[in-house]
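Residue numbers (mature numbering (1 follows the signal peptide of the UniProt record, and there is no 0)): -30 to -1, 1 to 154. Working notes for the structure below.
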């Protein structure tokens, strides 16, 4: 009876340790291809390695990707989804009565995210078709995001935390996708 209690306590302690500090284990579970891409994002773009791993590794298609093409498409789909959510948030800001300040900037961001949505779809098709020039569209998407951020800064528009996080992830995924797309 005493050994059963010790065994249960040991298992409970082990589970508690594993669940309380997921970051080191998340990195250990990440595939070599994802770790390599996040290292490139860190080295070439100054992106936070752990943030990159955490953001990408949550997605099942990313975890299942066994080559750069599959990984690129999975990341582009993440960028597409986040850009769509960000655009919807910006559109909802236009429909609220208290967003009179910054309306011009918010409209710019809606247009920028609309362009990004088309750009991500185009790039996914280009990657599927083996089009080497599809990475150029991702550069244009970045220019649109810069225009959005510049307009928000000029109009002193503070984004809600959720929108800010979605926008950040969209840009992270765009950056990583550009690295991968340029290697195909």
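Backbone N, C-alpha and C fix where the C-beta goes; we use that ideal spot for every residue, glycine too. If you're wondering where the values come from, they're calculated on a predicted model, not measured in any experiment.
Presumed contact (8 Å Cβ cut-off) between residue i and residue j, rounded CB distance
i	j	result
residue 104	residue 85	Actually they are not in contact, since the Cβ atoms of residue 104 and residue 85 sit about 15 Å apart, beyond 8 Å.
residue 54	residue 87	6 Å
residue 144	residue 49	5 Å
residue 137	residue 129	7 Å
residue 153	residue 38	6 Å
residue 80	residue 57	6 Å
residue 115	residue 62	19 Å between Cβ atoms; not a contact.
residue 121	residue 78	4 Å
Sequence-distant residues of its chain with Cβ nearer than 7 Å to residue i (five each side left out)
i	result
residue 25	139, 142
residue 35	3, 41, 44
residue 29	44, 48
Same chain, Cβ closer than 6 Å to residue i, five either side skipped, listed in chain order
i	result
residue 8	19, 22, 23
residue 15	145
residue 96	104
residue 66	none
residue 75	121, 122, 125, 127
Cβ shell of residue i (< 8 Å), same chain only, five flanking positions each side left out
i	result
residue 148	105, 108, 109, 112
residue 132	59
residue 12	18, 19, 22
residue 94	43, 46, 47, 50
residue 27	-5, -2, -1, 4, 33
For residue i, three-class secondary structure by DSSP
i	result
residue 163	Limits of the chain in this structure are -30 at one end and 154 at the other, which puts residue 163 out of reach.
residue 152	coil
residue -1	coil
residue 31	helix
residue 113	helix
residue 12	helix
residue 101	coil
residue 5	helix
residue 144	helix
residue 17	coil
heavy atom of the ligand ZN below 8 Å from residue i C-beta
i	result
residue 97	The model depicted lacks the ligand ZN and carries no ligand whatsoever.
Alpha helix (DSSP H) runs contained entirely in the region 34 to 96, provided each spans 4 or more residues: As for any alpha helix (DSSP H) of minimum length 4 sitting wholly inside the region 34 to 96, the runs are 38 to 64, ordered along the chain.
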